[in-house]
Amino acid sequence: MDIKKVSTSKNVHAILKIAYPHLFGERRIPLALGITAAIKSRHPELKSRPLRWFMHWWTSGISYHQGILEDGAVRTDLDGNTSGEVTDENRAHARERLEYISSRFSEAKEEDLKRKLRSNLPAQNEFQELSRVLHQSDPETPLSDDVSQVLLARLRHHPSAAAKIGCGVKSFVVDEKFLGKFKTFAVIRTDGTRDTFSIRRCYPRTAPRKQTK
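Heads up, the sequence shown is in my numbering, so the first residue is 2 and it goes up one at a time.
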């Protein structure tokens, strides 16, 4: 590969996958300490920055941390030889990283949902997002401000909006009881009273009416 082309992490991966398939193939295994310097010594055509970027990406992924936690895992060098053990400290760090990645993924999904709810989505998409909230949220747990704002705006389209809202809205929850076989939201009013409502009835032109509440 021409030197000028070895300037992206993607091209670095292509070279290393061919040269060291036991290390940079489909399966990620623990790498020998100092392996980046060893790669640079053998492959001077690789620019330092994309090499560092690639190595950081490769060793930061879920699969690499899972490889660290495999029973009997050992570190391997460029020639395929064992080069040190995976320590308990390494395993503890891998567990911490996997927990962190998992929590960030959950947060990202939540933020993506909030972003979709705040955006000017077509009614059908908004209905689907609120339906997902309805089925994934814990009953009787106050919903977030973002979701509540969308619910309040939609509740105003309900045929009995004035009666449902009453003296004013304090919060929204997923009701612990079912309306027939369907889950419903509940509006908690500022005076402490509450009422349930079908989200479908807030979208008369979007979803078929299967509930009568």
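Glycine included, each C-beta is placed from N, C-alpha and C at the ideal position. Being a predicted model, the structure only gives us computed values, none of them experimental.
*Short check: CB of phenylalanine 173 to CB of serine 145, under 7 Å?*
Not a contact, by the Cβ cut-off of 7 Å.
*Report the residue ranges of all alpha helix (DSSP H) runs contained in full by the segment 143-194; include only those spanning at least 4 residues, in chain order.*
For the segment 143-194, the continuous alpha helix (DSSP H) assignments of 4+ residues that do not extend past its boundaries occur at 146-156 and 162-166, in sequence order.
*Pair every Cβ in the segment 150-165 with every Cβ in the segment 195-205, then say whether three or more of these pairs are closer than 8 Å.*
The segment 150-165 is in contact with the segment 195-205.
*Within 10 angstroms of the Cβ of histidine 136, are there 16 or more other Cβ atoms? Answer buried if so, exposed if not.*
With fewer than 16 other Cβ atoms within 10 Å, it is exposed.
*Measure the alpha-carbon distance for arginine 105 versus arginine 96 and round it to whole angstroms.*
Here the C-alpha atom of arginine 105 lies approximately 14 Å from the C-alpha atom of arginine 96.
_Measuring only the C-alpha atoms, how far is alanine 208 from aspartate 192?_
At alanine 208 the pLDDT is 44, less than 50, meaning the model places this residue with poor confidence and gives no usable figure here.
*Whole-angstrom Cβ separation of phenylalanine 128 and tyrosine 204, contact assumed at under 8 Å?*
About 5 Å separates the two Cβ atoms, so the contact holds.
_For threonine 197, three-class secondary structure by DSSP_ = Strand.
*Distance, Cα to Cα, serine 140 vs phenylalanine 183?*
Here residue 140 turns out to be proline, not serine, going by the sequence shown. The C-alpha of proline 140 lies about 13 Å from the C-alpha of phenylalanine 183.
*Below 8 Å, can you find three or more Cβ-Cβ pairs linking the segment 73-83 to the segment 33-47?*
Touching, yes, given that three or more Cβ pairs across the two stretches are closer than 8 Å.
*Using 8 Å as the Cβ pair cut-off and three pairs as the minimum, do the segment 83-95 and the segment 50-58 touch?*
Short answer: they don't touch.
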